[in-house]
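Protein chains in written order, with the numbering used here: chain E, 1 to 607; chain S, 1001 to 1233. Where a beta carbon is used, it is the ideal one built from N, C-alpha and C, also for glycine. In what follows, a structure is listed as structure tokens, so that the remarks can point back to it.
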Ligand SMILES: Nc1ncnc2c1ncn2[C@@H]1O[C@H](COP(=O)(O)OP(=O)(O)OP(=O)(O)O)[C@@H](O)[C@H]1O
Ligand SMILES: [Mg+2]
């Protein structure tokens, strides 16, 4: 590559860095002050882009129409963010972060369906910016004028935000509240108002980031999660709450991506992000310019199932064995789904509850298992038993790889890292055509002849899931399980009594990942085909919803949760067009009204 | 001015206050004495709304404030100075003071930077220093000054003498006496008996979340057995 070509790729990278920074800056501001990790931030970006497309179309493609449309779109998203804050988040500031994350994810689902309803499933193409349609020749290459504008805009916005924070009273209050919200409120600062304003500003920035992309990319429904994953990485690499950090990180990541494309290895782009994040966090656990957080908040969920396996469990198991006698066809398929998801949810509940490690990317392990089994069967011709055995091994290896970075983190950093990890695994599945079949996926993952009938496969699944569930329960109540809980309750104290904190966290992740992988393997053979959907972010969230539905407190929670969830989703998908929004509303209802889950709900009555 | 009756409070399931009663008027300094963990800080936090009381009433200046959020209580004119200083480390002295300002409030002695710098001259020299880069004593002066910027008529002071050099303790005592002359009602939590004797009019002794003694500070000075029984002297 010539120096001139390199320079032009770097310029493109700079333009990308600017829009990345706009989104990340808003996320970082919001997190700094409210301590809420806003999953819906990517949805704000997406809304900004859609709205800008519509508004510019309505105002006409004049400079005034274009810029008026862009600014109005940004403002409208700011207003929308304000409404979300007032209606939903304000009630959750004291809640465990898992509930906050789920609530913002519910907003993602609702916004997605709203966008689908308003703009339809097709991508919406925007006009190019009037007056900036041309290109400028730099180093012998044409660089779009619009890119140059974006390049200037990033530092300009950073400067404006810096002025706002350093020179205005609002900025001083924001910085004070970022350091110590409680003290600020004791000095008469109205937190609720400050939070609302910060949320408005943050979401308007995301909306602006989206609107400014109008000439560069079409508005599409998949943008929300793609963007929020990018923004998470930027914010975490830069250091939570640090704007200059976010700027640096956006620059670093966008340039590296541009370089990958320039060097003809564009498939590396998504992995490079994770690599950067892994390296930075390994060296600086709080990001490039972040400061260590004050004492982490206790998860405040009572997550210890006690007592021996009640007789009810054995009765249930017996009944489950007899199910194929009464059920057949579609209901039996659903029953298999429930079993598989119950194992998936149980592995996640173990991680989030007793082990205290919040994961937003658990689908990665499920998918690793599923794809390992599928690839072994289809590409290598392995027999089913061997492929199925490979599933937990592959997922376990993935969990170990993840844990290399993850054990040093906790709370939101961990949640964000897990999300990024899942996004990486997803993009591997999506892009590695030769191995995974890319977006078409794998077909022909059929079970061996003796379990190819649905009733037989159901019984196999039941046996595997029941054994895995019992093993997990034994593990949880054994010596190692207790040690892991001790680490969750107080890492410092655990360290002081000689427990190997990192080792125990790694063990917790390994167990959880391997079991999720096993569930994935069973899933692959039950469906016969796999697609990247298998390990997409929504599946991770499905897992969390099941766990939440069932309640963290009881090991039976995941079973109950998986059953209810499957039934609800099946009913909703069959009867309602916008079932995603419905699921979002159900999540919100759960978060507000039964935060301890249904098992917890019943549990309190039993005691 | 400030009346507390039957105040109870808990951290999670652990109850810490079991019916605390206190009352003080304008221009009066009441010192709350007690050993480590007796519940002094908890009492002040519960009054300020940083911890929601589980029972009891708190009245300040005619307003019932129990259960109100802290910022509303602060805006009624009750100031709070925490025990562990909690200055905004990344903000300068001037910025810290600005955060304490309550622009919409009238009445009460009007504090501004100049007046505060006369009360704590050391702060004037450090005006644009980041609070995180100041000594403990300087930070302690800043927390008090920051709270005064809100023009309070009542003040909750949590162990202002803790961990300070004798000179700084003297400065702090002078400041408290100056505030008393301004007519502020000051509720002070202390373990330092000498400091208490110097500034307080009356004393209350708290032990395990219950008030064991209330009376003029002179009574405490006279009766050594009281001090020995309830305080770590
Ligand atoms: N955040 C907290 N969570 C749980 N318990 C707490 C918390 N803060 C204080 N406690 C407990 O409440 C009791 C009273 O504490 P408090 O801080 O009010 O004591 P104090 O009289 O101010 O002591 P000190 O002189 O050490 O400041 C103690 O038993 C303490 O362990
Ligand atoms: Mg105290």
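Its chain contains 1016 and 1054 as the residues whose beta carbon lies nearer than 7 Å to that of residue 1010/S, once the 5 sequence neighbours on both sides are disregarded; these appear in chain order. In the DSSP assignment, residue 1009/S falls within the beta strand (DSSP E) that extends over 1002 to 1011.
A residue is called buried when at least 16 other Cβ atoms come within 10 angstroms of its Cβ; residue 230/E meets this threshold and is buried. Looking at the DSSP output, residue 1204/S sits in a beta bridge with 1032/S and 1214/S.
The beta carbons of residue 419/E and residue 232/E sit closer together than 8 Å. For residue 553/E, the closest C-alpha among the options 355/E, 398/E and 374/E is that of 355/E. In this structure, residue 182/E has its beta carbon at no less than 7 Å from each heavy atom of ligand 1. By the rule that beta-carbons nearer than 8 Å mark a contact, residue 1129/S does not touch chain E. Bridge pairing for residue 1158/S: 1189/S [DSSP]. When C-alpha distances from residue 1074/S are compared across 190/E, 138/E and 127/E, the shortest belongs to 190/E. Along the length of the region 98 to 152 of chain E, whole beta strand (DSSP E) runs at least 3 residues long occupy 135 to 138 and 141 to 144, reported in chain order. By the CB criterion at 8 Å, residue 69/E and residue 59/E fall inside the cutoff. Excluding residues up to 5 positions away in sequence, 592 lie with their Cβ nearer than 8 Å to the Cβ of residue 91/E in the same chain. Nearest to residue 1141/S by C-alpha distance, out of 1102/S, 1023/S, 1228/S and 1081/S, is 1081/S. Among the CB atoms of chain E, one or more fall inside 8 Å of the CB of residue 1048/S. Residues of the same chain with a CB within less than 8 Å of the CB of residue 175/E, apart from the 5 flanking positions on each side, are 165 in chain order. Here DSSP, grouped into helix, strand and coil, assigns residue 360/E to coil.
Listed along chain E, the residues sitting closer than 7 Å to residue 1075/S by beta-carbon distance are 188. Here the C-alpha atom of residue 1213/S lies approximately 58 Å from the C-alpha atom of residue 205/E. At least one CB atom of chain E sits nearer than 8 Å to the CB of residue 1091/S. For residue 1078/S, the enclosing beta strand (DSSP E) begins and ends at 1078 to 1081. Around the Cβ of residue 2/E, a 10 Å sphere holds fewer than 16 other Cβ atoms; the residue is exposed. Residue range 1055 to 1060 is occupied by the beta strand (DSSP E) that includes residue 1057/S.
One residue after another in chain order, those with a Cβ under 7 Å from a heavy atom of ligand 2 are 1040/S, 1041/S, 1083/S, 1158/S, 1159/S and 1189/S.
For residue 180/E, the chain S residues whose C-beta falls within less than 7 Å of its own C-beta are 1086 and 1088, listed in chain order. Against residue 490/E, chain S offers no close residue; the least beta-carbon distance is about 15 Å (beta-carbon pairs closer than 7 Å). Annotated three-state conformation of residue 596/E is coil, per DSSP.
Looking at the backbone, the Cα of residue 72/E and that of residue 1129/S are separated by about 41 Å. With the rule of 3 Cβ pairs closer than 8 Å, the region 278 to 286 of chain E does not count as touching the region 34 to 42 of chain E. When Cβ-Cβ separations below 8 Å define contact, residue 1102/S makes contact with chain E.
In this chain, the beta strand (DSSP E) harbouring residue 1018/S covers 1014 to 1024.
Identification of chain E residues near residue 1082/S by a Cβ-Cβ cut-off of 7 Å yields 183, ordered along the chain.
A contact is defined here as three or more CB-CB pairs under 8 Å, and the region 234 to 243 of chain E fails this definition with respect to the region 104 to 115 of chain E.
Contact fails between the region 355 to 365 of chain E and the region 572 to 591 of chain E, because fewer than three Cβ pairs, one in each stretch, are under 8 Å apart. Not a single CB atom of chain S sits nearer than 8 Å to the CB of residue 246/E. At a C-beta separation below 9 Å, residue 1069/S has these neighbours in chain E: 185, 190, 191 and 192.
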